[in-house]
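Chains R and E, in that order, are what the protein sequence lines are. Count along the first sequence from 1, then add 172; that gives the number in the working numbering. Count along the second sequence from 1, then add 175; that gives the number in the working numbering.
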Amino acid sequence: MAQSATYYNPPPPQSSSSRFSLPSTTSPSPSSTSSPPPRREVSRTSLPPSGLQNVFTPIPGQGRNVGILDRPLNKTRGGEVSNSAWAFLFAEIISYSQSRVDSVTDLERRLASLGYEAGQRILSLLLLRNTLTTSSKDPKREHRLIPILQFIHTQVYKYVFGKPADGLERSVEGEDEYMLTCNSPPLTQHISIPRDMGQLSCEAFTAGLVEGVLDGLDVPARVTAHTVPTDQYPQRSVILIKLDQKVMDREEILAK
Amino acid sequence: MTIHAVWVINKAGGLVFSRTYSDTLPTQTLNATLILAGTLHGIHAITSRLNPITGKGGLESFEGENWGGKIWMSLTGIKLVVLHSIAHQGLDELMKKIYEIYSDAVMKNPFQTLEMPINSSLFESRLLGLIQSVN
């Protein structure tokens with residue numbers, strides 16, 4: 173009992189009664205020493221009845237330490253991440269993944285699955301923010317294919333990379349293939365692929381992200397990333413979207 | 176005002192990158208360049224022990240007839256060496272720019288192993304662009 177009491181600051185006289193009632197509310201004497209010590213901050217404000225509750229009560233919030241999870245969702249200012257921080261994080265993600273895969277295809281699949289998770293979250297966030305900023309009585313979500321692709325081309329790319337994609341076009345080979353081009357992708361701008369991994373494109377992460385967004389809008393597709401360099405843009409990358417037959421069928425019905 | 180060559184020497188004194196940007200420099204085998212870079216690393220270490228003022232910070236530049244070399248060491252122990260013609264203006268800024276390219280294209284590249292030879296086409300092309308703008 174004496175031990176648990178030593179964690180307190182010298183108590184103000186009126187709180188002394190609650191201090192001595194502490195062990196009786198939890199359990200008899202021996203376990204009171206093993207129970208987690210109450211935090212100092214708590215005694216400064218007011219003394220809750222039981223020692224156990226002290227641990228779970230949040231520390232009185234100081235406005236300056238608002239965690240990332242406590243920030244309002246529709247507040248966008250100041251939420252940007254520096255490109256260097258991202259570059260180092262992404263480099264670590266890639267070398268971590270690389271030590272756990274056997275082939276380039278597997279590595280791309282791992283990156284894509286990470287991007288997929290990000291894409292699903294980004295979609296929800298963007299839709300929520302759009303609803304909040306426009307009139308909240310009339311929330312809107314695209315359901316036709318072309319507006320969905322344009323939504324990704326402008327809004328999603330602008331949110332993720334700070335600028336819209338450089339091009340959105342339909343493939344000449346098939347009706348169900350669309351291409352999103354980015355002349356200098358910001359996520360992978362510092363990465364140069366070694367020769368022995370020729371086919372790898374770390375933009376697989378972006379491909380996964382796009383796939384996540386499309387899936388969230390009920391447009392299942394197979395999305396892959398390819399590096400298609402030009403003289404002017406040596407890092408130009410193309411995100412190839414091959415839509416599921418289901419989507420094409422639905423579009424046909426909706427067009428009538 | 177010509178930049179003859181750029182070397183990058185790692186913490187242990189190994190040459191991890193070297194490129195020649197002028198044809199006036201005598202051609203050497205890679206092994207000879209490796210030995211020269213290792214020797215320069217040693218001289219830098221000796222001179223830093225001789226520094227009477229702070230006890231650290233060694234050889235920063237050397238000069239010969241119409242040519243010179245500039246050595247710059249980062250906090251992490253990477254040494255950038257530039258061989259240049261005399262008189263050359265703005266070498267300090269150039270070193271900073273080279274280091275910037277190094278930190279972007281080499282340190283942020285997941286396929287680069289620390290202390291190993293630099294094998295990044297991005298680093299080479301950006302460095303070439305920088306040197307061409309100076310030469």
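In this text, a Cβ means the ideal position worked out from N, Cα and C, and glycines have one as well.
### Query
Exposed or buried, phenylalanine 237 of chain E, counting other C-beta atoms within 10 Å across all chains shown (16 or more means buried)?
Phenylalanine 237 of chain E counts as exposed, since fewer than 16 other C-beta atoms from the protein chains shown sit within 10 angstroms of its C-beta.
### Task
Taking proline 365 of chain R as the query, report the chain E residues whose CB atoms sit under 8 angstroms from its CB, ordered along the chain.
Residue 365 of chain R is actually isoleucine in this sequence, not proline. The contacting residues are Phe286.
### Task
Take aspartate 310 of chain R as the anchor and find which of R:Leu300, R:Arg316, R:Leu317 and R:Ser364 has the nearest alpha-carbon.
Nearest C-alpha to aspartate 310 of chain R: R:Leu300.
#### Entry: Straight-line gap, leucine 381 of chain R to threonine 288 of chain E (C-alpha atoms, nearest Å)
Those two C-alpha atoms are separated by around 28 angstroms.
### Task
Take the Cβ of histidine 362 of chain R as the centre, count every other Cβ of all protein chains shown within 10 Å, and call the residue buried at 16 or more, exposed below.
Label assigned to histidine 362 of chain R: buried.
### Query
Going by DSSP, what residues sit across from serine 193 of chain E in a beta bridge?
Beta-bridge analysis with DSSP links serine 193 of chain E to E:Trp182.
### Task
Determine the extent of the alpha helix (DSSP H) in which alanine 427 of chain R is found, giving its start and end residues.
Membership of alanine 427 of chain R in the alpha helix (DSSP H) is indicated by the continuous run 417-427.
### Query
If you run the structure through DSSP and keep just helix, strand and coil, what is methionine 369 of chain R?
In the three-state DSSP reduction, methionine 369 of chain R falls in the helix class (H, G or I).
### Message
On the DSSP letters alone, give me the boundaries of the beta strand (DSSP E) that threonine 399 of chain R sits inside.
### Response
Its beta strand (DSSP E) spans residues 393-399.
### Task
Please report the residue range of the beta strand (DSSP E) in which arginine 301 of chain E lies.
No beta strand (DSSP E) holds arginine 301 of chain E; the alpha helix (DSSP H) holding it covers 296-309.
### Query
Closer than 9 angstroms, CB to CB, is lysine 271 of chain E near chain R or not?
Output row for lysine 271 of chain E: interface = no.
#### Entry: Bounding residues of the beta strand (DSSP E) (the contiguous stretch that carries phenylalanine 237 of chain E)
Taken as a continuous stretch (DSSP letters only), the beta strand (DSSP E) holding phenylalanine 237 of chain E covers 236-238.
### Message
For a test of the three-state rule: what should DSSP assign to isoleucine 253 of chain E, helix, strand or coil?
### Response
Coil at isoleucine 253 of chain E, not helix or strand.
### Query
When DSSP labels each residue in this structure, what does arginine 342 of chain R get in the three-state scheme?
For arginine 342 of chain R, the secondary structure class from DSSP, reduced to helix, strand or coil, is strand.
### Query
Would you call the segment 348-359 of chain R and the segment 395-412 of chain R in contact, with 3 or more CB pairs under 8 angstroms?
They touch, by the three-pair rule.
### Amino acids of chain E, ordered along the chain, whose beta-carbon sits closer than 7 angstroms to that of serine 267 of chain R
By Cβ distance, chain E contributes Pro285.
### Task
Would you grab the beta carbon distance between leucine 297 of chain E and alanine 280 of chain E for me? Rounded to a whole angstrom, and I think it's under 8 angstroms.
About 4 angstroms separates the CB atoms of leucine 297 of chain E and alanine 280 of chain E; that is less than 8 angstroms, so the two are in contact.
### Task
State the start and end residues of the unbroken beta strand (DSSP E) segment that holds leucine 350 of chain R.
A quick correction: the sequence has tyrosine, not leucine, at residue 350 of chain R. For tyrosine 350 of chain R, the enclosing beta strand (DSSP E) starts and ends at 349-354.
#### Entry: Alpha-carbon spacing of proline 201 of chain E relative to leucine 211 of chain E, whole angstroms
Taking the straight line joining both Cα atoms gives about 13 angstroms.
#### Entry: 7 angstroms Cβ cut-off: residues of chain E touching histidine 398 of chain R
Neighbours of histidine 398 of chain R in chain E, taken as residues whose beta carbon is under 7 angstroms from its own, are absent, since the nearest beta carbon is some 18 angstroms off.
### Task
For phenylalanine 377 of chain R, return the contacting residues in chain E, with the cut-off set at a CB-CB distance below 9 angstroms.
Residues of chain E with a Cβ closer than 9 angstroms to the Cβ of phenylalanine 377 of chain R do not exist; the shortest Cβ-Cβ separation is about 12 angstroms.
### Query
When you compare each of R:Arg281, R:Leu283 and R:Asn302 to lysine 247 of chain R by their alpha carbons, which one comes out closest?
The candidate whose alpha carbon is nearest that of lysine 247 of chain R is R:Asn302.
### Query
Taking Cβ-Cβ distances shorter than 8 angstroms, what residues in chain E pair up with histidine 362 of chain R?
Contact of histidine 362 of chain R with chain E by beta-carbon distance below 8 angstroms involves Asp279, Ala280, Lys283, Asn284 and Leu297.
### Task
Compute the minimum distance between the beta carbon of proline 201 of chain E and the heavy atoms of the ligand ADP, and state whether it is under 8 angstroms.
Because no ligand of any kind appears in the structure shown, any question about the ligand ADP cannot be addressed here.
### Message
Taking the beta strand (DSSP E) that methionine 176 of chain E belongs to, which residues open and close that run?
### Response
Neither: methionine 176 of chain E is in no beta strand (DSSP E) and is coded neither H nor E.
### Task
Could you name the residues of the same chain whose beta carbon sits closer than 8 angstroms to that of valine 419 of chain R, not counting the 5 residues immediately before and after it, in chain order?
Within the same chain, valine 419 of chain R has close Cβ partners Leu317, Asp348, Val391, Pro392 and Ala393.
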